[in-house]
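K.L.:
Just passing along the structure, written as structure tokens.
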Amino acid sequence: MKDKINVVSHRFLFCCLVLTLLIPHHLKAQAKYGSLTANLQKVVVQDSLPGLSVMLVDADHVIYKKNFGYADIKGKVPYSFKTIQNIGSVSKTILSVALMRAIELHYFNLETEINDILPFKVINPNTNKGGITIKQLTDHTSGIIDNPSIYPNTCHFYPALRSYSQDALSKLQAIGYNQAIPDSDLKDFLFNYLSSQGKYYNDKNFVNAEPGQASVYSNIASALIAYLIEIKSGMSYAEFTNKYIIKPLKMVHSGWFLSSVNLKNHAYLYYDLKEYFPLYDEITYPDGSFKTSPEDLSKYLQAIIRGYAGDTTLLSKASYKEMFTPHFELSKLPAGFNATKRNKGVLWNLYTNGMIGHDGDDPGVSTFLFFNKTTGKGGLFICNKYMEDKSAIVNLLYQATNK
11 MKDKINVVSH RFLFCCLVLT LLIPHHLKAQ AKYGSLTANL QKVVVQDSLP GLSVMLVDAD
71 HVIYKKNFGY ADIKGKVPYS FKTIQNIGSV SKTILSVALM RAIELHYFNL ETEINDILPF
131 KVINPNTNKG GITIKQLTDH TSGIIDNPSI YPNTCHFYPA LRSYSQDALS KLQAIGYNQA
191 IPDSDLKDFL FNYLSSQGKY YNDKNFVNAE PGQASVYSNI ASALIAYLIE IKSGMSYAEF
251 TNKYIIKPLK MVHSGWFLSS VNLKNHAYLY YDLKEYFPLY DEITYPDGSF KTSPEDLSKY
311 LQAIIRGYAG DTTLLSKASY KEMFTPHFEL SKLPAGFNAT KRNKGVLWNL YTNGMIGHDG
371 DDPGVSTFLF FNKTTGKGGL FICNKYMEDK SAIVNLLYQA TNK
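Right, dumping it as structure tokens:
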């Protein structure tokens, strides 16, 4: 009888072991991060967020994922891992990878001056100096800035594609989103903005400082990097990124334009819990208009984590090293740059707490993507409402990856 009991006991333990091994990795992790879910739910309620998706990953696994709220409140469509929306300036991390790939293809290097490539000359009228390098475009010291009377007008709305709240659109129009720029492509806009022969060229498009001397965040300077890639590659930036990043990573729910994604899966972008914006694209799309799902974005983040650890699927080891090398010496900081919490790499933010990442904001959009270089874990969140302060969520995700 004792032997029979031992056999039954061993079989029971064996079955438990098999069942444990069969439980998906992310489900085991969900239980581990129970307090994270509760704390995120508090932020969702306190900040009146319509929808939120959060994922934590390491190089090979999704270790936590959770959705909150709705992609469409009125239609009661939950936010899901396949929901698509703009991710704002997190798009610049893709631009960084594209730039390093272009360098590997020997189109140029970080010290190449943009006037050696462009079909027109860029001269800062405040200093009459050229000499802007690609590196200065990546760390926002080129002297090119986003003229607030022009840049918001590069956002083009498509109200016929979906219902929207007129009050929400009116709020954007009141701060300059009036679609007053008729240019339909990146090339024409950049010529008109940066060339002395252009329709929008004036001294307010540039800071009053020589290249490399002042730090002023510029979406337009970032978009110019993509145009340089277009010139040298002979293909659009969208085509270039599809070839070298999006398709290799099987990001099947991603694209740069509304025409390249399934609008049935596109989240409504909210001003608050009642008002929402029309769908939109941006002329300077490389700086912030990538449309993707949390699931696809997690694939990209995992690829970056693997690359940091030595994988060469997207880029060489030398390119990753260059991409994440600090640009600024603490003794020689450009005017306006605060190095207390971060330095700059090639478009990426290099945070002093060990994170490498970028945040994103646009009408109806707040996002953040990062990895912890110490632990090899990373995280992201995508929200379909602009958040003035993302620090509560960012801190929670950083703490979860720092264990």
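Residue numbers (the working numbering): 11 to 413.
Cβ atoms here follow ideal geometry from the backbone N, Cα and C, with glycine treated the same way.
By alpha-carbon positions, which one of LYS383, TYR330, ALA345 and TYR281 ends up nearest to SER180?
P.N.:
In the sequence shown, counting from the first residue as 1, residue 180 sits at position 170. Closest option to SER180, Cα to Cα, is TYR281.
K.L.:
Relative to the C-alpha of LEU324, which candidate in ALA224, ILE124, GLU114 and ALA345 has its C-alpha closest?
P.N.:
For the purposes of this step, residue 324 is taken as residue 314 along the sequence shown, with counting starting at 1. The shortest C-alpha separation from LEU324 is found at GLU114.
K.L.:
Quick one: using the 10 Å Cβ neighbour count with 16 as the cut-off for buried, is PRO169 buried or exposed?
P.N.:
Here residue 169 corresponds to residue number 159 of the sequence shown, with the count starting at 1. PRO169 is exposed by the Cβ-count criterion.
K.L.:
Report the residue from GLY85, LYS242, VAL404 and ALA224 whose alpha carbon sits nearest the alpha carbon of ASP126.
P.N.:
Stepping through the sequence shown from its first residue, residue 126 is reached at position 116. The candidate whose alpha carbon is nearest that of ASP126 is LYS242.
K.L.:
Give the single residue among GLN207, TYR290, ALA81 and ILE97 whose Cα lies nearest to the Cα of ASP371.
P.N.:
Along the sequence shown, read from residue 1 onward, the residue named residue 371 stands at position 361. Looking at the Cα atoms, ILE97 is the closest of the given residues.
K.L.:
Quick one: grab the DSSP three-state call for THR148.
P.N.:
Numbered from 1 along the sequence shown, position 138 holds the residue referred to as residue 148. Correct three-state label for THR148: helix.
K.L.:
Examine the Cβ distances between the region 87-106 and the region 340-353 and report whether three or more of them are shorter than 8 Å.
P.N.:
Contact fails: fewer than three Cβ-Cβ distances are below 8 Å.
K.L.:
Determine the DSSP secondary structure at ALA248, reduced to helix, strand or coil.
P.N.:
Your numbering for residue 248 matches position 238 in the sequence shown. Here ALA248 sits in helix by DSSP.
K.L.:
Compare the C-alpha of GLN56 against each of LEU283, ILE293 and ALA349 and name the closest.
P.N.:
Position 46 of the sequence shown, counted from the start, is the residue given in the question as residue 56. Of the candidates LEU283, ILE293 and ALA349, the one whose C-alpha sits nearest the C-alpha of GLN56 is LEU283.
K.L.:
If we call anything under 8 Å between Cβ atoms a contact, is LEU379 one with THR148?
P.N.:
Within the sequence shown, the letter at position 369 stands for residue 379. Within the sequence shown, the letter at position 138 stands for residue 148. Cβ atoms of LEU379 and THR148: not closer than 8 Å.
K.L.:
Keeping to the same chain, check which residues put their C-beta closer than 7 Å to that of GLY355; ignore five residues upstream and five downstream.
P.N.:
By one-based count along the sequence shown, residue 355 stands at place 345. Counting only Cβ-Cβ distances below 7 Å, and skipping sequence neighbours, we find MET333, PHE334, THR335, PRO336 and HIS337.
K.L.:
How is VAL53 classed by DSSP in three states: helix, strand or coil?
P.N.:
The residue given as residue 53 occupies position 43 in the sequence shown. Of the three classes helix, strand and coil, the one that applies to VAL53 here is helix, per DSSP.
K.L.:
Contact check, ILE124 vs ILE142 under 8 Å by CB: the rounded distance?
P.N.:
By one-based count along the sequence shown, residue 124 stands at place 114. By one-based count along the sequence shown, residue 142 stands at place 132. The pair is a contact, with the Cβ atoms about 5 Å apart (cut-off 8 Å).
K.L.:
List the whole-angstrom C-beta distance separating HIS276 from LYS102, where the pair is believed to meet the contact cut-off of C-beta under 8 Å.
P.N.:
As a working note, residue 276 is residue 266 in the sequence shown. As a working note, residue 102 is residue 92 in the sequence shown. With a Cβ gap of about 21 Å, HIS276 and LYS102 do not count as contacting.
K.L.:
Quick check: SER63 and ASN77, are their CB atoms within less than 8 Å of each other?
P.N.:
Counting from one through the sequence shown, the residue named residue 63 turns up at place 53. Counting from one through the sequence shown, the residue named residue 77 turns up at place 67. In this structure, ASN77 lies closer than 8 Å to SER63 by Cβ.
K.L.:
Going by alpha carbons, who is nearest to ILE2 out of ILE83, TYR211, HIS150 and LYS327?
P.N.:
For residue 2 there is no data in the structure shown, the boundaries of the chain being 11 and 413.
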